[in-house]
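Q: Just passing along the structure, written as structure tokens.
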Amino acid sequence: MKKPAILLALTASLLAPLASPAQATPRVSAQSIIVNPVPTTLSAQVWVDRDPSGSYAPNYRINDPIRVSVRVNEDAYVYLFSVDPSGSVDQVLPNRLGGGNFVRAGQVRSFPSANDNFTYSVGGTPGLNKVLVVASRRQLDLSELSSFKSNDAFATVKPQGEKRLAQALSIVVNPVQQPIPQQDWVSDTAFFNATY
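Heads up: the sequence shown is residues -24 to -1, 1 to 172, going by mature numbering (1 follows the signal peptide of the UniProt record, and there is no 0).
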């Protein structure tokens, strides 16, 4: 089964209205924008197979296979989203194709793994694509963000577009009841270019 791949960067400007003045300014690096506004010891890295360093946006042709990998420094649940240049958002993980989204500290997990009976392929609109990983020490409730339809292998993300996804993710990690401490989650973003 093939699924269009990939993805999302949340900008500090999108999250600024969501942060209180008492919170620290989000950390920004050349490679990614960390959406968690406070320092945390939890770290996550995401990259695509043509750029294991995560330092640039490699080129893929539409329909090329692609593999996304993540590593966390502590045991964590990982959630992968993709955003294409048109703003279309897909939830890559968790999915119904097998394998969980729990990753052990120091372990590199690739999606799909070499043992999976499916592949991801680059699809959608040519241009800069983004892959977002959100890693959390606690399992997140994504029911307000995405849902599975009947027998679909992948969940449908309800809010489309980066701004709406950023707002929905802020609700997931900061729910009214039992908010997740900001030190318990972090994100990272990888990029790639899709061409014909």
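For every residue, glycine included, the Cβ atom is placed at its ideal position computed from N, Cα and C. Source: prediction; values computed, not measured.
Can you tell me which of the three DSSP states residue 158 falls into?
A: Working through the sequence shown from its first residue, we reach residue 158 at position 182. Helix at residue 158.
Q: Can you give me the C-alpha to C-alpha distance between residue 149 and residue 158, rounded to a whole angstrom?
A: Along the sequence shown, read from residue 1 onward, the residue named residue 149 stands at position 173. Along the sequence shown, read from residue 1 onward, the residue named residue 158 stands at position 182. Taking the straight line from one Cα to the other gives about 8 angstroms.
Q: Where do the ends of the beta strand (DSSP E) carrying residue 106 lie?
A: Working through the sequence shown from its first residue, we reach residue 106 at position 130. 103 to 112 is the extent of the beta strand (DSSP E) around residue 106.
Q: Applying the 10 Å Cβ sphere with the 16-neighbour rule, what's the burial state of residue 106?
A: The count along the sequence shown starts at 1 and reaches residue 106 at position 130. Buried is the call here.
Q: By how many angstroms is the C-alpha of residue 49 removed from the C-alpha of residue 134?
A: Locating residue 134 in the sequence shown gives position 158, counting from the first residue. Locating residue 49 in the sequence shown gives position 73, counting from the first residue. Cα to Cα, residue 134 sits roughly 30 angstroms from residue 49.
Q: Would residue 175 be called buried (16 or more neighbouring beta carbons within 10 Å of its own) or exposed?
A: A question about residue 175 goes unanswered here, because the residues of the chain that appear run from -24 up to 172.
Q: Assuming the contact rule is C-beta atoms closer than 8 angstroms, residue 57 and residue 108 should be a hit. Round their C-beta distance to whole Å, please.
A: Here residue 57 refers to the residue found at position 81 of the sequence shown. Here residue 108 refers to the residue found at position 132 of the sequence shown. That belief holds up - the Cβ atoms of residue 57 and residue 108 are roughly 5 angstroms apart, short of 8 angstroms.
Q: The beta strand (DSSP E) spanning residue 32 covers which residue range?
A: Mapped onto the sequence shown, residue 32 falls at position 56. Premise fails: residue 32 is in no beta strand (DSSP E) and is neither H nor E.
Q: Please report the distance separating the alpha-carbon of residue 17 from that of residue 118.
A: For the purposes of this step, residue 17 is taken as the residue at position 41 of the sequence shown. For the purposes of this step, residue 118 is taken as the residue at position 142 of the sequence shown. Whole-angstrom Cα-Cα distance: 23 angstroms.
Q: Cα separation between residue 14 and residue 142?
A: Within the sequence shown, the letter at position 38 stands for residue 14. Within the sequence shown, the letter at position 166 stands for residue 142. In a straight line, the C-alpha of residue 14 is about 16 angstroms away from that of residue 142.
Q: Please go through the same chain and pick out, in chain order, the residues whose beta-carbon is closer than 8 angstroms to the beta-carbon of residue 172, but skip the five residues on each side of it.
A: Here residue 172 refers to the residue found at position 196 of the sequence shown. Result list for residue 172: 37, 38 and 102, in chain order.
Q: Pull the bridge partners of residue 87 from the DSSP assignment, please.
A: What you label residue 87 is simply residue 111 of the sequence shown in a count that begins at 1. Paired residues: 44.
Q: Can you name the start and end residues of the beta strand (DSSP E) that residue 173 belongs to?
A: Residue numbering for the chain in the displayed model covers -24 to 172; residue 173 lies beyond these limits and cannot be assessed.
Q: Let me know if residue 32 comes out buried or exposed under the rule of 16 or more other beta-carbons within 10 Å of its beta-carbon.
A: The count along the sequence shown starts at 1 and reaches residue 32 at position 56. The residue is exposed, with fewer than 16 neighbouring Cβ atoms inside 10 Å.
Q: Can you grab the Cα-Cα spacing for the pair residue 112 / residue 82, in whole Å?
A: As a position in the sequence shown, residue 112 is number 136, starting the count at 1. As a position in the sequence shown, residue 82 is number 106, starting the count at 1. About 15 angstroms.
Q: Can you look up residue 136 in the DSSP assignment and give me helix, strand or coil?
A: Mapped onto the sequence shown, residue 136 falls at position 160. Here residue 136 sits in coil by DSSP.
Q: Looking only at C-alpha atoms, which of 54, 121 and 126 sits nearest to residue 146?
A: The sequence position of residue 146 within the sequence shown is 170, counting from 1. Out of 54, 121 and 126, 121 has the C-alpha closest to the C-alpha of residue 146.
Q: Provide the residue span of the beta strand (DSSP E) that contains residue 97, from first to last.
A: Along the sequence shown, read from residue 1 onward, the residue named residue 97 stands at position 121. Note, residue 97: beta strand (DSSP E), 95 to 98.
Q: Excluding the five sequence neighbours on either side, which residues of its own chain have a C-beta within less than 8 angstroms of the C-beta of residue 92, listed in chain order?
A: To locate residue 92, count along the sequence shown from 1; it is residue 116. Correct list, in chain order: 73, 74 and 75.
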